[in-house]
Amino acid sequence: MKKVWKVLLTLLIAFCLVGCNSADKKTENADKEVTIYLVRHGKTWFNTTDQVQGYCDSPLTEVGEEQARKVGVGLQDISFAGAYSSDLARQRNTAKLILAENKHEVPLITENIGFREMNYGGFEGGPNMEINIQVAKSLGIEEFPDDVENVWFWLLDMIGEEDYINRTAQVDPLHAAETYDEMVKRGKDAMTDTVEDALKRGGGNILIVSSGGIIPLMVESIVPGQYQGEKIANGSVTIIHYKNGVYTVEVIGDTQYVK
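Residue numbers for the sequence shown, in mature numbering (1 follows the signal peptide of the UniProt record, and there is no 0): -22 to -1, 1 to 237.
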């Protein structure tokens, strides 16, 4: 009987110690701040040729490389404690070019596939217009008005981004494209994992390079209602602060460095 009590007492003490350590870590992290510099990659070949570019990739153009360098110069005085991108070359190379201009010791780039652009399934690599045509057909629209300059914006104004993304998934010939909820979850999980990693490193400034389609969804997922349709241009910078479980947006889609 005494042995049983000893075992129970040992387990109770161990449980208390784990709880104390967990509480200590939470208290420690509460004092740490993370400032996120969320950058869209530089202009690519597919951006230039108006081709669908999600999980598929294309190289940065000379313009795109210059955009990345300009962002790097603009942020050269920022000491980055961490740097992140997905495994897509356009994101990773943009991050490298930004860090190459930095005046401080720079971190290695950590890859997180959660920062990838949307998976467009069977539309990947094809003309962007094909998605617009198929989404329009799903709405019973066979022709676009003559006065419409940008069909994509016209459709977004009509049905909203969430419905547009979900209809893209519905009409995807391969049935492999992501839904809105799948994208939001992936982006939010990637952001959460990255902030937790940054906190373990002591907090500070971190660089994240991602893509124009998922950046607004990540922002909306962590600070609902803050994204109001701002354009996320190539080389634009979105700055978000994190402290004690709360995200605060400073600016969305700032293009001052690439003008």
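Using N, Cα and C, we set each Cβ at its ideal position, and we do this for glycine too.
**Study point:** Those runs of the alpha helix (DSSP H) which lie wholly inside the region 151 to 233 and span at least 4 residues
**Key:** 158 to 178, 193 to 200
Exercise for review: Ignore the nearest five residues each way along the sequence and tell me which others in residue 164's own chain have a CB closer than 6 Å to its CB.
Suggested key: 92
Check your understanding: By DSSP, does residue 56 sit in helix, in strand, or in coil?
Key -> coil
Exercise for review: Going by CA-CA distance only, name the one from 9, 139, 16, 10 that's closest to residue 193.
Suggested key: 16
Point to revise | C-beta atoms of residue 85 and residue 114 nearer than 8 Å | key: no
Check your understanding: Start and end of the alpha helix (DSSP H) containing residue 17?
Key -> No alpha helix (DSSP H) holds residue 17; the beta strand (DSSP E) holding it covers 11 to 18.
**Study point:** Other residues of its chain near residue 220: CB distance less than 6 Å, five sequence neighbours each side excluded
**Key:** 12, 173
Exercise for review: Leaving aside the five residues before and after residue 235 along the sequence, list all residues of the same chain whose C-beta is less than 6 Å from its C-beta, in chain order.
Suggested key: 48, 49, 52
**Study point:** C-alpha distance - residue -1 paired with residue 151, whole-angstrom precision
**Key:** Because residue -1 sits at a pLDDT of 47, beneath the cut-off of 50, its placement in the model cannot be relied upon, and the following sentence gives the value as read from the coordinates. Taking the straight line joining both Cα atoms gives about 48 Å.
Exercise for review: Kindly say whether residue 71, judged by its beta-carbon, lies nearer than 8 Å to any beta-carbon of chain C.
Suggested key: Chain labels in this structure do not include chain C; a single protein chain is all it has.
Check your understanding: Pairing CB atoms from the region 59 to 77 with CB atoms from the region 101 to 116, are three or more of them under 8 Å?
Key -> no
Point to revise | Boundaries (first-last residue) of the alpha helix (DSSP H) holding residue 22 | key: Residue 22 -> no alpha helix (DSSP H), and no H or E assigned at all.
Practice item. For residue 162, I'd like the list of residues in its chain whose CB is within less than 7 Å of its CB, leaving aside the five on either flank, ordered along the chain. Key: 195, 199
Practice item. Inspect the CB distances between the region 199 to 218 and the region 31 to 50 and report whether three or more fall short of 8 Å. Key: yes
**Study point:** Residue ranges of each beta strand (DSSP E) within the region 44 to 111, 3 or longer
**Key:** 58 to 63, 87 to 89
Review point. Would you say residue 28 and residue 67 are within 8 Å of each other, going by their C-beta atoms?
Key: no
Check your understanding: Where does residue 38 sit, in a helix, a strand or coil, going by DSSP?
Key -> strand
Practice item. Count the other C-beta atoms from every protein chain shown that fall within 10 angstroms of the C-beta of residue 124, then say buried if there are 16 or more, exposed otherwise. Key: exposed
Review point. Can you give the Cα-Cα distance for residue 25 and residue 141, rounded to whole angstroms?
Key: 23 Å
Review point. At which residues does the alpha helix (DSSP H) containing residue 122 begin and terminate?
Key: Counting along the chain, residue 122 falls outside any alpha helix (DSSP H), and DSSP gives it neither H nor E.
**Study point:** Close beta carbons around residue 230, own chain, < 6 Å, minus the five adjacent residues each side
**Key:** 208, 216
Exercise for review: Quick one: measure Cβ to Cβ for residue 19 and residue 187, integer angstroms, because I've assumed they're closer than 8 Å.
Suggested key: 6 Å
Review point. Considering only residues of the same chain and omitting the five flanking positions on each side of residue 143, which have a CB-CB separation below 8 Å?
Key: 96, 156, 157, 158, 161
Practice item. Pull up the CB-CB distance for residue 146 and residue 205, whole angstroms please, since I reckon it's below 8 Å. Key: That pair is no contact at about 19 Å.
**Study point:** alpha helix (DSSP H) segment containing residue 133, residue limits
**Key:** 129 to 149
Check your understanding: Any idea which residues DSSP pairs residue 29 with across the strands?
Key -> 105
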